[in-house]
């Protein structure tokens with residue numbers, strides 16, 4: 394359930410990483426609060442987008458997580474995993490050079506589709522309490 398654990402499944406190559414743009418998530422605690430709010434203020438035939446109201450950049454997250462793994466104590470991370478994290482870190486840098494991306498996170502207009510989850514939270518009169526994944 395941790396997005397950092399998805400990387401090995403969704404990024405097998407540099408091209409896979411190149412294709413990654415925006416990531417939207419919501420914490421389980423906020424999902425539970427949303428379910429309770431929806432039961433209290435039911436909206437038949439209405440569909441909602443539920444997210445933590447942040448747009449995450451896959452490249453930024455992959456770079457951060459790779460750095461964290463590489464800085465970890467050697468006994469906690471295997472050699473193969475260290476090599477994988479080094480590759481991911483290199484790919485992010487190479488993609489930034491190739492795409493003339495000067496800083497991470499990339500601008501929201503360049504990461505693709507961005508979801509707007511404000512409607513649900515505003516209608517229910519509550520807001521997500523668990524923000525920013527790391």
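Numbering (this note's numbering), first residue to last: 394 to 527.
Just so you know, even glycine gets a beta-carbon here, dropped at the ideal spot from N, CA and C.
Go ahead and label residue i buried or exposed: buried means 16 or more other beta carbons lie within 10 angstroms of its beta carbon, across all protein chains shown.
i, result
"residue 515", "exposed"
"residue 508", "exposed"
"residue 521", "buried"
"residue 484", "buried"
Under the assumption that residue i contacts residue j (Cβ atoms under 8 Å), give the Cβ distance between them as a whole number of angstroms.
i, j, result
"residue 448", "residue 417", "7 Å"
Residue i by DSSP, collapsed to three states: which one?
i, result
"residue 508", "coil"
"residue 416", "strand"
"residue 445", "coil"
"residue 450", "strand"
"residue 513", "helix"
"residue 520", "coil"
"residue 439", "coil"
"residue 395", "coil"
"residue 503", "helix"
"residue 455", "helix"
From which residue to which residue does the alpha helix (DSSP H) around residue i run?
i, result
"residue 479", "472-491"
"residue 426", "421-433"
"residue 402", "400-403"
Does at least one heavy atom of the ligand PLP sit under 7 Å from the Cβ of residue i?
i, result
"residue 471", "Judged by which ligands are present, the structure shown has none, so any question about the ligand PLP falls away."
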